[in-house]
Amino acid sequence: MYLFIGLGNPGPDCAGTRHNIGRETLLAAVRKLGFPAPAPSAKLQALVAEGKIGKEKAAFVLPETFMNKSGNAAGPAAKFYKVKPKQIVVLHDDADLMLGATKLSFNKSSNGHKGVDAIARALKTREFWRMRIGIQKKRRVPAEKLVLEKFRGNEEATAKTMVKKSIAAIEAITDMGPERAMNQYNA
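The sequence shown maps to residues 44 to 230 in my numbering.
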């Protein structure tokens, strides 16, 4: 069993922003993998979709809280699904990675990402997997300005390709485990 958590801010004003790429990647995975549409769970403060990827059970959790409160969904979800932190993969934007890059990491610093910090506090550990999805432009932009921007022009095609790569990494995680998937997708 794997628990995938897609970070983003809820609501139509935030849809399509770079900060929501983790959430939107997980929504795209729901569609591609044939999971049922995510349903509200008041207990978890999230939208939830459950299914199988190959032979492995998976739950996709989309917190319905703002980014800095993502732990309010992640902590209860980990308890509800009875998963260890090593079975959790958090998908989130990363302003240190160029648009198009996707990297898996384990037990790393949040680099100031408030959603990742909130999850680490809720789980009382950093020993969970992260899928860091690059959002940075060629001409570097400070993260606080970048995260609320939408993808434009050629960036949209690059973002779509990156989402496809991230979904393939989700499939690899459930098929071969996160360590081997990391070796394949971080190469």
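Built from N, CA and C at the ideal position, the CB exists for glycine as well.
Per the DSSP secondary-structure output, K95 pairs in a beta bridge with K100.
For the pair of segments examined, the stretch 135-150 was found to touch the stretch 56-65: the number of CB pairs separated by less than 8 Å reaches three.
The alpha carbon of M205 has as its nearest neighbour, out of L140, A120, T108, the alpha carbon of L140. In terms of CA proximity to A144, S209 leads the group L76, A71, S209, R74. The C-alpha of L90 lies about 25 Å from the C-alpha of E199. Going by DSSP, V73 is part of the alpha helix (DSSP H) stretching over 64-76. For V159, the enclosing alpha helix (DSSP H) covers residues 157-166. Here DSSP, grouped into helix, strand and coil, assigns V126 to coil.
In this chain, the alpha helix (DSSP H) harbouring Q227 covers 221-228. Judged by DSSP in its simplified three-state form, R182 adopts coil rather than helix or strand.
In terms of CA proximity to N115, S84 leads the group S84, K129, A92, K188. When the Cα atoms are used, R182 and L142 turn out to be separated by approximately 11 Å. At the C-beta level, I96 and D218 come within 9 Å of one another. Following the DSSP letters along the chain, one finds G49 inside the beta strand (DSSP E) bounded by residues 45-49.
I210 is bridged by DSSP to nothing; it lacks a bridge partner. A straight-line Cα-Cα distance of about 23 Å links A80 and G158. Going by beta carbons, K112 and P106 fall inside the 9 Å limit. When DSSP states are grouped into helix, strand and coil, T201 belongs to the helix group.
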